[in-house]
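*Asks:* Mind the numbering: the sequence shown is residues 9 to 529 in my numbering, read in order.
Built from N, CA and C at the ideal position, the CB exists for glycine as well.
Structure in structure tokens, see below.
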Amino acid sequence: MNRHRLASATFLTCCACALCAGCSDETSTGAPGVPSDAGDADVSWPEAGADVTHPDGAVQDAKSDDGGGVDAPSEAAAPCKTRVTYGSAWMHGPNHPEDWDEAAGVLTWDGVCGFDGANSFAVLSNGWKPFFSGRGACVIALDYESCPGVPTTCQTRVSYGPAWMPAPNHPETYDDIAGPVLWNGVCHADGASSYAALSNGWDPHFTGSDSCDVSLRFTSCGGLYANPVIDSDCADPGVVYDGTQYVMACTSGNAADAFLIRVSPDLVHWQSKGHVFPSSEKPAWAKSDFWAPEIHAVGSGYVAYFTARHQDGQLSIGAATAPSAVGPFADIGHPLLHDAGMGLIDANMYRDPNGKRYLIWKEDGNAVGKPTPIHGQELAADGLSVVGSPSTLITNDIGWEGSLVEGPWMIDHDGQYYLFYSANFYASSSYAIGVARSSSPLGPFVKASAPILSSAGQWAGPGHGSVLDTPAGETWHVYHSWKQGQVGGGAGRVLLIDRVFWSGGWPSMRAAPSGISLPVP
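Here it is, written out as structure tokens:
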């Protein structure tokens, strides 16, 4: 699906076009008891479908070259239009492959999600009535082009269903919040009630078990995406932004060509761009197990760091150079790090705000019944050799981590250094992502006591990803996960993305891994 196509869409509604099951007998012009424009008193909305003219409604005066007046019309204003993007639960037919519609004028939605049997529906201000599979499943994004008087920054309306337990001084059945507020679709038990954990720290409670009923309206947030963004095996994704696009490579194992390179403008839509190592160009020192690649800018070029099994049988860390982030890459001819007595895996390159580079990696002790420290060491300016001695950053010393920590990725934020890592057995629902914090890239690090990201909803064993800031200043986590019921098989470890929020000096991902549609990066 191409969410960015500019051609006009064919506008369909569920009932009018008989495209989905579960539609009511009501017409698409509205539903009794479901107002199409209620609750929007906080925003001065133009009338839906209204003509749009020059902002002051006047014709501009003009002068000819000789100073005489000439009659000249004002420059035509671009027509106002609304793009409506529907969440992944939207019920649409084969003649409407896109997940969006466009309409002239301003469309609004009050956030109310009605019920029709096992399904739910929203009523837009122009009478459209999109249906969604499941109860309380309405997620809609409204984005405007050339429309005066509408919000220009992202806003979220969180609407609550009839089982919601409101405070006495909260008569409305919704909240309006600046910025995106996210929910992963998971309903948590709390005695006789249940609650939804929202990304802003709120926990709206509902009467009864598994009774969460939350609808989301995103206004001027830029459309929607839904996980997985790649629905095939893409384990251990290494992602960077090269100044124009995101570049990613994933574990390839023993495939003929090593490390497929993908590029994306937005972390959602990915295209293939060849391989780091086509089959004829694999390093001579490496015989198998090509894991956990990362491509980083170093100097005027790029270096791909990766894991591969040395001819002597030990997993080692390699490096290859290229003039651009998409290659062509040339191996440096030998491992960057190799230990004949211990495997070394999962290299991450981190560059601090002063330009100093570090290599961070895991000692594969769990393979031989030993602890699994994650080490860090300064890199030379060219990124192709280490300087000084390694420092131990963390080890597996918290119960949830099991027998190992691995998959490090370091970032800095507000003067602190954050080491994201994965722990426990990779092919299990116990695999999860933790985070540790330090005032120095080489430690000492203090861990958060619990994982920042763990199995939830339709996802099991999320782990080993990349954390990066977008050009818009948002922090996003790109990582892999199994689908529930397919751990160790199925489609493999598919690619997920979720936003990271910051609070009290720590990152938070309480609305992840996400199972419903959310605003795109």
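Under DSSP, the beta strand (DSSP E) around Asn-404 begins and ends at which residues?
*Replies:* Against the sequence shown, residue 404 aligns to sequence position 396. Taken as a continuous stretch (DSSP letters only), Asn-404 belongs to no beta strand (DSSP E), as it is neither H nor E.
*Asks:* So what does Gln-279 bridge to, in DSSP terms?
*Replies:* Here residue 279 is taken as the residue at index 271 of the sequence shown, counted from 1. Partner(s): Val-271.
*Asks:* Please classify Asp-50 as buried or exposed, where buried requires at least 16 other C-beta atoms within 10 Å of its C-beta.
*Replies:* In the sequence shown, residue 50 corresponds to position 42, counting from 1. Unreliable positioning characterises Asp-50 in this predicted model, as indicated by a pLDDT of 40, which lies under 50. The coordinate reading is nonetheless provided below. It counts as exposed.
*Asks:* With burial defined as no fewer than 16 other Cβ atoms inside 10 Å of the residue's Cβ, what is the status of Trp-510: buried or exposed?
*Replies:* Walking along the sequence shown from the start, residue 510 turns up at place 502. So Trp-510 counts as exposed.
*Asks:* Going by the CB atoms, is the gap between Val-486 and Val-508 shorter than 8 Å?
*Replies:* Position 500 of the sequence shown, counting from 1, holds the residue named residue 508. Position 478 of the sequence shown, counting from 1, holds the residue named residue 486. Going by C-beta atoms, Val-508 is not nearer than 8 Å to Val-486.
*Asks:* Where does Ser-332 fall in DSSP's three states?
*Replies:* Taking the sequence shown and counting its residues from 1, the one referred to as residue 332 is at position 324. The answer is coil: DSSP assigns Ser-332 none of H, G, I, E or B.
*Asks:* Is Ser-411 helix, strand or coil by DSSP?
*Replies:* Mapped onto the sequence shown, residue 411 falls at position 403. Three-state DSSP puts Ser-411 in coil, outside helix and strand.
*Asks:* Leaving out five residues on either side along the sequence, give the residues of the same chain with a beta carbon under 6 Å from the beta carbon of Ser-219.
*Replies:* Within the sequence shown, numbered from 1, the residue matching residue 219 stands at position 211. Excluding positions up to five away in sequence, the list reads Ala-171 and Ser-202.
*Asks:* Output the residue ranges of the beta strand (DSSP E) runs that lie fully inside the segment 128 to 158 and measure 3 residues or longer, sorted by chain position.
*Replies:* 139 to 141 and 147 to 153
*Asks:* Which runs of the beta strand (DSSP E) fall wholly inside the segment 203 to 288 and span at least 3 residues, in chain order?
*Replies:* 213 to 215, 222 to 227, 246 to 249, 254 to 257, 266 to 272 and 279 to 285
*Asks:* Is the separation between the beta-carbon of Asp-241 and that of Ala-499 shorter than 8 Å?
*Replies:* For the purposes of this step, residue 241 is taken as the residue at position 233 of the sequence shown. For the purposes of this step, residue 499 is taken as the residue at position 491 of the sequence shown. Their beta carbons are under 8 Å apart, which means Asp-241 touches Ala-499 by this criterion.
*Asks:* Classify Asn-177 as helix, strand or coil using the three-state DSSP reduction.
*Replies:* For this step, residue 177 is matched to residue 169 along the sequence shown. If DSSP states are grouped into helix, strand and coil, Asn-177 belongs with coil.
*Asks:* Using the Cβ count rule (16 or more neighbours within 10 Å means buried), how would you classify Asn-262?
*Replies:* For the purposes of this step, residue 262 is identified with residue 254 of the sequence shown, where counting begins at 1. Exposed is the call here.
*Asks:* Taking 6 Å as the limit between beta carbons, can you name the residues of its chain near Cys-162, skipping five residues before and five after?
*Replies:* Here residue 162 refers to the residue found at position 154 of the sequence shown. Cβ within range, chain order: Gly-187, Pro-188, Ser-228 and Cys-229.
*Asks:* What's the C-alpha gap between Gly-41 and Ala-205?
*Replies:* As a first step, residue 41 is located in the sequence shown; it is residue number 33 there, counting from the start. As a first step, residue 205 is located in the sequence shown; it is residue number 197 there, counting from the start. At Gly-41 the pLDDT is 32, less than 50, meaning the model places this residue with poor confidence and gives no usable figure here.
*Asks:* What does the alpha-carbon distance come out to for the pair Val-376 and Tyr-429?
*Replies:* Within the sequence shown, residue 376 is the residue found at index 368, counting from 1. Within the sequence shown, residue 429 is the residue found at index 421, counting from 1. Their Cα atoms are separated by approximately 20 Å.
*Asks:* Going by other Cβ atoms of all chains shown within 10 Å of its Cβ, with 16 needed for buried, is Ser-308 buried or exposed?
*Replies:* Here residue 308 refers to the residue found at position 300 of the sequence shown. Exposed.
*Asks:* Can Trp-467 and Gln-492 be called in contact, C-beta distance under 8 Å?
*Replies:* Looking up residue 467 in the sequence shown gives position 459. Looking up residue 492 in the sequence shown gives position 484. The answer is yes: Cβ separation under 8 Å.
*Asks:* Checking the sheet assignment: what are the DSSP bridge partners for Gln-492?
*Replies:* Mapped onto the sequence shown, residue 492 falls at position 484. DSSP output for Gln-492 lists no bridge partner at all.
*Asks:* Have a look at Ile-425 and Gly-326 and give me their C-alpha separation to the nearest angstrom.
*Replies:* Indexing the sequence shown from 1 puts residue 425 at position 417. Indexing the sequence shown from 1 puts residue 326 at position 318. First, the amino acid is wrong: residue 425 is Tyr here, not Ile. Looking at the two C-alpha atoms, the distance is approximately 25 Å.
*Asks:* I need the boundaries of the beta strand (DSSP E) containing Pro-301, first residue and last residue.
*Replies:* The residue given as residue 301 occupies position 293 in the sequence shown. Segment 294 to 306, the beta strand (DSSP E) holding Pro-301.
*Asks:* According to DSSP, simplified to helix, strand and coil, what is Met-9?
*Replies:* If you number the sequence shown from 1, residue 9 lands on position 1. For Met-9, the pLDDT reaches just 42, beneath the cut-off of 50, and the residue's location in the model is therefore unreliable, although a value from the coordinates is still provided. Three-state DSSP puts Met-9 in coil, outside helix and strand.
*Asks:* Exposed or buried, which one is Pro-521 when buried takes at least 16 other CB atoms within 10 Å?
*Replies:* Residue numbering aside, residue 521 sits at position 513 when the sequence shown is read from its first letter. Answer is buried; the Cβ neighbour count reaches 16.
*Asks:* Taking all protein chains shown into account, decide if Ala-145 is buried (16 or more other Cβ within 10 angstroms of its Cβ) or exposed.
*Replies:* Along the sequence shown, one-based indexing puts residue 145 at 137. Looking at its Cβ environment, which holds 16 or more other Cβ atoms inside 10 Å, Ala-145 is buried.
*Asks:* What first and last residue would you give for the beta strand (DSSP E) that runs through Arg-507?
*Replies:* If you number the sequence shown from 1, residue 507 lands on position 499. Segment 502 to 511, the beta strand (DSSP E) holding Arg-507.
*Asks:* Within its chain, find whatever has a CB closer than 6 Å to the CB of Thr-483; leave out the 5 residues flanking it on each side and keep chain order.
*Replies:* On the sequence shown, position 475 is the one that residue 483 refers to. So the qualifying residues of the chain are Asp-477 and Val-508.
*Asks:* Count the CB pairs spanning the segment 407 to 427 and the segment 437 to 455 that are closer than 8 Å, and state whether there are at least three.
*Replies:* yes
*Asks:* For Tyr-313, collect the residues of the same chain with a Cβ closer than 6 Å to its Cβ; drop the 5 residues on either side in sequence, then sort them by chain order.
*Replies:* Here residue 313 corresponds to residue number 305 of the sequence shown, with the count starting at 1. The residues are Glu-302, Ala-327, Ala-355 and Met-357.
*Asks:* Cα-Cα, which of Gly-351, Asp-372 and Gly-391 is closest to Asp-366?
*Replies:* Mapped onto the sequence shown, residue 366 falls at position 358. Inspection of the sequence shows that residue 366 is occupied by Tyr rather than by Asp. The residue with the shortest Cα to Cα distance from Tyr-366 is Gly-391.
*Asks:* Sort out for me which residues DSSP pairs Ala-186 with in a bridge.
*Replies:* As a first step, residue 186 is located in the sequence shown; it is residue number 178 there, counting from the start. Beta-bridge pairing by DSSP links Ala-186 to Gln-163.
*Asks:* So Val-502 and Ile-238 are supposed to be a Cβ contact under 8 Å. How far apart are they, rounded?
*Replies:* Against the sequence shown, residue 502 aligns to sequence position 494. Against the sequence shown, residue 238 aligns to sequence position 230. Confirmed, about 6 Å.
*Asks:* What does the alpha-carbon distance come out to for the pair Ala-440 and Ala-85?
*Replies:* Residue 440 sits at position 432 when you count from the first residue of the sequence shown. Residue 85 sits at position 77 when you count from the first residue of the sequence shown. Taking the straight line from one Cα to the other gives about 52 Å.
*Asks:* For the structure I just gave you, are there three or more beta carbon pairs, one from the segment 275 to 293 and one from the segment 335 to 343, closer than 8 Å?
*Replies:* yes
*Asks:* Between which two residues does the beta strand (DSSP E) carrying Leu-476 extend?
*Replies:* The residue labelled residue 476 in the question sits at position 468 within the sequence shown. It spans 467 to 477 - the beta strand (DSSP E) in which Leu-476 sits, taken as one unbroken run.
*Asks:* Restricting to Cα atoms, I'd like to know which of Asp-221, Glu-153 and Gly-209 is closest to Tyr-182.
*Replies:* Start at 1 with the first residue of the sequence shown, and residue 182 comes out as number 174. Measuring from the Cα of Tyr-182, the nearest candidate turns out to be Asp-221.
*Asks:* Does Val-376 come out as helix, strand or coil in the three-state DSSP assignment?
*Replies:* Locating residue 376 in the sequence shown gives position 368, counting from the first residue. Val-376 falls in the helix class under three-state DSSP.
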